[in-house]
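Below is one structure; the comments refer to it alone.
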Amino acid sequence: MAGVRRRVRKIDMEDIIRVGRAIGLRQLSLNAVAAELGVSTTALYRHVDGRWGLELVVGGESARRSRSA
């Protein structure tokens, strides 16, 4: 099937944070976020530095939002 192109789903940090917050820090994983967004875990590595980076981004945003509320 040469020449067949799959449509690539574009994601950004807002998508990752939104989904990560919905999943929650206890169940947060690259696999869970990727599955919810419909992308590969490799796609997430373009935005975060592994699980630790994902936790920092999602946890940091959650903390920022709770302080401003």
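Per our numbering, the sequence shown starts with residue -4, numbered consecutively. Glycine residues also receive a C-beta, built at the ideal position from the N, C-alpha and C atoms.
Exercise for review: With DSSP as the reference, label Leu23 as helix, strand or coil.
Suggested key: Looking up residue 23 in the sequence shown gives position 28. Residue state, collapsed to three classes: coil.
Check your understanding: By DSSP, does Val14 sit in helix, in strand, or in coil?
Key -> The sequence position of residue 14 within the sequence shown is 19, counting from 1. If DSSP states are grouped into helix, strand and coil, Val14 belongs with the helices.
Review point. Taking DSSP as the reference, what is the three-state secondary structure of Gly33?
Key: Taking the sequence shown and counting its residues from 1, the one referred to as residue 33 is at position 38. If DSSP states are grouped into helix, strand and coil, Gly33 belongs with coil.
Check your understanding: Around the Cβ of Gly45, are there at least 16 other Cβ atoms within 10 angstroms (buried) or fewer (exposed)?
Key -> Here the question's residue 45 lines up with position 50 in the sequence shown. Per the 10 Å Cβ criterion, exposed.
Practice item. Put Val43 into one of helix, strand or coil per three-state DSSP. Key: In the sequence shown, the residue the question calls residue 43 occupies position 48. Three-state result, Val43: coil.
Review point. What does a CB cutoff of less than 7 Å around Ala27 pick up in its chain, not counting 5 residues either side in sequence?
Key: As a position in the sequence shown, residue 27 is number 32, starting the count at 1. Cβ neighbours of Ala27 beyond the five flanking positions: Ile18.
Review point. Thinking just about the alpha-carbon of each residue, which of Val53, Arg59 and Ser63 is nearest to the one in Asp7?
Key: Taking the sequence shown and counting its residues from 1, one reaches residue 7 at position 12. Of the listed residues, the one whose Cα sits closest to Asp7 is Val53.
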